[in-house]
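Numbering (UniProt numbering), first residue to last: 1 to 484.
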């Protein structure tokens, strides 16, 4: 199980603070011991200088009068002697312990030499000092050595360590409290965001404000807000679907029920057949409308997951071929034209088939008897262009935006709405990065629906990828028996 962010931050801060405090303690102890040892060595040197000051030549012999102060400075307690030795230029021991250890490196230098050496079971710190002296044979150097037990230094070192640790303890506590407060206040905004989100109603998908959120967390919050937007969009589609279904199905169901009641009262076969035909037409329209609502509900998810390079002329040929019999039954000349050029697009084939089918259905449905519908594909300025052209009554320019609304109707026409054909076409086009426009027909009355798709990045040349499949020539027309 993953630890909380707060626990992780505090753990890492604790490690960092511990390392810093450890370095601080070690550095403080080392510095304190250095100064303490320097002070002890200075006192030791002072004792040696005091003893050296007592050197005298008496009756042509060297003697020394050791000051009591110099000895008392080095006496740790009354039970211990003062470790010292004075040796003349001839090597004769004048005072002190004759068997005291010699300096590790004899030298004629007059600078003091410090060294550690045990003596008679005691660990000592020594200083050796060479002092110039006048003797009967001339000038010479006397050697003064003074030793001090190191236990005083060890005791002082322990006190320094204990004192340093005690001094660092409050600092460690302050650092820990500061780290906890810093982490707590840094994460407070996240806790508030979590509380604000958890306290919302299930349908409250408003974006969370990012103003008070740390910069490092804003990408996460932006992703959450993006998820809210997508979920809200899906919920809106569901609400719209339910509202449309409840609204659009009421009338057909009422008509079917009325016709069923009428059918029960009718006795003439011809009357009953007309009633059944009316019911069949209502069921057909309702089925188509329900199919369109379901298609519109799933467009975005299908467009995002099912894209692949597709030949636009092949899709057009397939969609038109399926609708030729229906167009013939309505006495409409339905045809396909491909003007050449690369027209391979990245798309979901079922969605494009849905869009092409809706555009063709509208063009045929609202055309006149004996009219013509042409579905044309071409390449233009780096775009794949699909056009559905009819010579029907068309749509006035001032109403062309309105027909993209669901179940739109136009004044002066029958009460039947345009349904969802054009809204679905626009939604499919936008899901594929395409643009859809309603324009005048190239010549005469009618409407031209133009959809411009971006070409596929791996679009093959027109000589290979856009060649219509076998059995689908570049021009395909279905003519009614009444057509000349």
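Built from N, CA and C at the ideal position, the CB exists for glycine as well.
Helix, strand or coil: how does DSSP classify residue i here?
{"i": "residue 173", "result": "helix"}
{"i": "residue 4", "result": "coil"}
{"i": "residue 436", "result": "strand"}
{"i": "residue 191", "result": "helix"}
{"i": "residue 330", "result": "coil"}
{"i": "residue 313", "result": "helix"}
{"i": "residue 202", "result": "coil"}
{"i": "residue 82", "result": "coil"}
{"i": "residue 145", "result": "strand"}
{"i": "residue 159", "result": "helix"}
{"i": "residue 122", "result": "strand"}
{"i": "residue 186", "result": "helix"}
{"i": "residue 462", "result": "For residue 462, the predicted model reports a pLDDT of 43, less than 50, meaning its position is unreliable; a value from the coordinates is still stated below. Of the three classes helix, strand and coil, the one that applies to residue 462 here is coil, per DSSP."}
{"i": "residue 219", "result": "helix"}
{"i": "residue 207", "result": "coil"}
{"i": "residue 369", "result": "coil"}
{"i": "residue 128", "result": "strand"}
{"i": "residue 260", "result": "helix"}
{"i": "residue 178", "result": "helix"}
{"i": "residue 401", "result": "coil"}
{"i": "residue 87", "result": "strand"}
Rounded to the nearest angstrom, what separates residue i and residue j at their Cα positions?
{"i": "residue 251", "j": "residue 283", "result": "11 Å"}
{"i": "residue 338", "j": "residue 278", "result": "39 Å"}
{"i": "residue 332", "j": "residue 319", "result": "16 Å"}
{"i": "residue 440", "j": "residue 397", "result": "8 Å"}
{"i": "residue 153", "j": "residue 35", "result": "11 Å"}
{"i": "residue 50", "j": "residue 27", "result": "34 Å"}
{"i": "residue 564", "j": "residue 236", "result": "The question about residue 564 has no answer here: the residues shown for the chain are numbered 1 through 484."}
{"i": "residue 463", "j": "residue 384", "result": "No answer about residue 463 holds up, because its pLDDT of 41 lies below 50 and its placement is not dependable."}
{"i": "residue 225", "j": "residue 200", "result": "14 Å"}
{"i": "residue 435", "j": "residue 394", "result": "20 Å"}
{"i": "residue 354", "j": "residue 426", "result": "11 Å"}
{"i": "residue 100", "j": "residue 176", "result": "54 Å"}
{"i": "residue 209", "j": "residue 202", "result": "18 Å"}
{"i": "residue 64", "j": "residue 174", "result": "59 Å"}
{"i": "residue 261", "j": "residue 249", "result": "18 Å"}
{"i": "residue 472", "j": "residue 443", "result": "Caution applies to residue 472, whose pLDDT of 44 falls short of 50 and renders its modelled position unreliable; the model cannot decide the point."}
{"i": "residue 204", "j": "residue 194", "result": "14 Å"}
{"i": "residue 7", "j": "residue 13", "result": "10 Å"}
{"i": "residue 281", "j": "residue 452", "result": "34 Å"}
{"i": "residue 461", "j": "residue 290", "result": "Note that residue 461 scores 47 on pLDDT, short of 50, meaning its location in the model is unreliable and no value can be drawn from it."}
{"i": "residue 15", "j": "residue 183", "result": "15 Å"}
{"i": "residue 189", "j": "residue 38", "result": "55 Å"}
{"i": "residue 294", "j": "residue 269", "result": "37 Å"}
{"i": "residue 361", "j": "residue 267", "result": "37 Å"}
Can the beta-carbon of residue i be found closer than 9 Å to that of residue j?
{"i": "residue 61", "j": "residue 84", "result": "no"}
{"i": "residue 54", "j": "residue 67", "result": "yes"}
{"i": "residue 363", "j": "residue 392", "result": "yes"}
{"i": "residue 379", "j": "residue 341", "result": "yes"}
{"i": "residue 377", "j": "residue 312", "result": "yes"}
{"i": "residue 92", "j": "residue 40", "result": "no"}
{"i": "residue 352", "j": "residue 428", "result": "yes"}
{"i": "residue 487", "j": "residue 86", "result": "No answer is possible for residue 487: it lies beyond the span of the chain, which begins at 1 and ends at 484."}
{"i": "residue 420", "j": "residue 388", "result": "no"}
{"i": "residue 29", "j": "residue 157", "result": "yes"}
{"i": "residue 128", "j": "residue 115", "result": "yes"}
{"i": "residue 324", "j": "residue 334", "result": "yes"}
{"i": "residue 57", "j": "residue 169", "result": "no"}
{"i": "residue 172", "j": "residue 10", "result": "no"}
{"i": "residue 213", "j": "residue 33", "result": "no"}
{"i": "residue 424", "j": "residue 292", "result": "yes"}
{"i": "residue 330", "j": "residue 365", "result": "yes"}
Where do the ends of the beta strand (DSSP E) carrying residue i lie?
{"i": "residue 387", "result": "383-390"}
{"i": "residue 374", "result": "372-380"}
{"i": "residue 397", "result": "Neither: residue 397 is in no beta strand (DSSP E) and is coded neither H nor E."}
{"i": "residue 99", "result": "Per DSSP, residue 99 belongs to no beta strand (DSSP E) and is neither H nor E."}
{"i": "residue 117", "result": "113-119"}
{"i": "residue 453", "result": "447-454"}
{"i": "residue 56", "result": "55-58"}
{"i": "residue 63", "result": "61-64"}
Hey, out of the options, whose CA is closest to residue i's CA?
{"i": "residue 165", "options": "23, 430, 345 and 105", "result": "23"}
{"i": "residue 111", "options": "396, 141 and 125", "result": "141"}
{"i": "residue 437", "options": "443, 422, 445 and 192", "result": "422"}
{"i": "residue 45", "options": "269, 457 and 131", "result": "131"}
{"i": "residue 187", "options": "5, 400, 261 and 147", "result": "5"}
{"i": "residue 455", "options": "281, 307 and 102", "result": "307"}
{"i": "residue 120", "options": "194, 348, 148 and 229", "result": "148"}
{"i": "residue 122", "options": "217, 113 and 82", "result": "82"}
{"i": "residue 490", "options": "336, 16, 113 and 314", "result": "Summary: the structure shown does not reach residue 490, with the chain confined to residues 1 through 484, and so no result is reported for it."}
Mind checking which residues open and close the alpha helix (DSSP H) that includes residue i?
{"i": "residue 350", "result": "349-365"}
{"i": "residue 422", "result": "421-431"}
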